[in-house]
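Peer 1: Numbering (my numbering), first residue to last: 5 to 354.
No residue lacks a Cβ here, since even glycine has one placed at the ideal position from N, Cα and C.
None of these values were measured; they are calculated from a predicted model.
Input: one structure, supplied below.
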Ligand code: ASP
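In structure tokens form, the structure reads like this:
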């Protein structure tokens, strides 16, 4: 038995050297997961339940990582839990906490990228907000799922796996904040949730995805040329709140009452999602009180072209941003100025 001892010691030594020199977590790109909740972190009582799926205990960041041992070959993944809520509950405090947390992480030399889990309903708003306030060219990928964690064919794990692959990839540097579901990589500025229920819900209507997370590699075909991340003039570093901005929907015979109520309630800006005859006077009166109006359009794609008539009324046009994205940009623009000409410049550049 005693003769065996030196051999066992040698084996243990070789094993230790092997562990130290083979590719371990320390050699992999470091990606931090910022979790906020949503369907990707929800459980239902049955595997076939795709609605009302908040029955079980919430899926924690630890559960997400433990569920994907494949991540160990892609990145050294750490996490920070921001919240575990449906995306309808994401508010300014959480947005600012998330943005500051990501900026702190990406400023560290060892950080390669960040991934954010999020409910799909308002995912595009958070993604565009981050696109405007993250101060780094390092990749940030926002990811969600349409099927809960407990379902038969859940889409969350592959989406998350691919999101980490993108966040860890050199190709994704400088692409701004991206959204990944269904293997498609979309620019945060362009993407929108297009369908209430299907897994292929995220589309960039005017322009299409910027790339794909395919099994052989992460491949990009184009870039978002609008200003974002490290080129952006917006800084949330010292902010604890954001200006109040709401959206009013236009349709036949729409009442002006919502505009009047919002102006009275102290809104600094209002996005008009299309127009109505009664809006003209309401906007004129709101402008006189210093409220900034942005004209967006409910069609969901295409530009709102700047007409001389609209400019003369002091109304800003949204370019091809939908109303919810226009609201995100207007809130940040109002942290800098309330001059409609300057805000139009911002809408032309971002
Ligand atoms: N209700 C969910 C949310 O937005 C939908 C989802 O995550 O897909 O949080």
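Determine the extent of the beta strand (DSSP E) in which residue 285 is found, giving its start and end residues.
Peer 2: Run containing residue 285: none in the beta strand (DSSP E); it sits in the alpha helix (DSSP H), 283-292.
Peer 1: Enumerated in chain order, which unbroken segments of the alpha helix (DSSP H) with a length of 4 residues or greater are wholly contained in the segment 126-195?
Peer 2: You should have 127-137, 160-171.
Peer 1: Residue 37 bridges to which residues according to DSSP?
Peer 2: Note: residue 37 sits in a beta bridge opposite 83, 119.
Peer 1: Taking the C-alpha atoms as reference points, what is the distance between residue 231 and residue 141?
Peer 2: Computed Cα separation, rounded: 12 Å.
Peer 1: For residue 295, tell me which candidate among 312, 282, 273 has the shortest Cα-Cα distance.
Peer 2: The candidate whose alpha carbon is nearest that of residue 295 is 273.
Peer 1: By a C-beta neighbour count over all protein chains shown, 10 Å radius and 16 as the cutoff for buried, is residue 25 buried or exposed?
Peer 2: Because residue 25 sits at a pLDDT of 38, beneath the cut-off of 50, its placement in the model cannot be relied upon, and the following sentence gives the value as read from the coordinates. Burial call: exposed.
Peer 1: Return the residue from the list 297, 351, 53 that minimises the CA-CA distance to residue 201.
Peer 2: Looking at the Cα atoms, 53 is the closest of the given residues.
Peer 1: With three or more C-beta pairs closer than 8 Å as the rule, is the segment 303-312 touching the segment 285-294?
Peer 2: Segments in contact, no.
Peer 1: Output the distance between the C-alpha atoms of residue 355 and residue 250, rounded to the nearest integer angstrom.
Peer 2: The question about residue 355 has no answer here: the residues shown for the chain are numbered 5 through 354.
Peer 1: Classify residue 41 as buried or exposed, calling it buried when 16 or more other Cβ atoms lie within 10 Å of its own Cβ.
Peer 2: Counting Cβ neighbours within 10 Å, residue 41 comes out buried, since at least 16 surround it.
Peer 1: If you compare alpha carbons, which of 265, 171, 46 is closest to residue 160?
Peer 2: It is 46 whose Cα lies nearest to the Cα of residue 160.
Peer 1: At the level of alpha carbons, what is the spacing between residue 104 and residue 241?
Peer 2: Residue 104 and residue 241: Cα-Cα distance of roughly 7 Å.
Peer 1: Rounded to the nearest angstrom, what separates residue 150 and residue 316 at their Cα positions?
Peer 2: Going by the C-alpha atoms only, they are around 44 Å apart.
Peer 1: If we count Cβ pairs, one from each stretch, closer than 8 Å, do we get three or more for the segment 159-173 versus the segment 71-84?
Peer 2: Verdict: yes, contact present.
Peer 1: For the putative contact between residue 267 and residue 331, defined by C-beta atoms under 8 Å, what is the C-beta separation to the nearest angstrom?
Peer 2: The pair is not a contact, with the Cβ atoms about 16 Å apart (cut-off 8 Å).
Peer 1: For residue 127, count neighbouring C-beta atoms within 10 Å of its own C-beta (all shown protein chains included) and say buried if the count is 16 or more, exposed if not.
Peer 2: It counts as buried.
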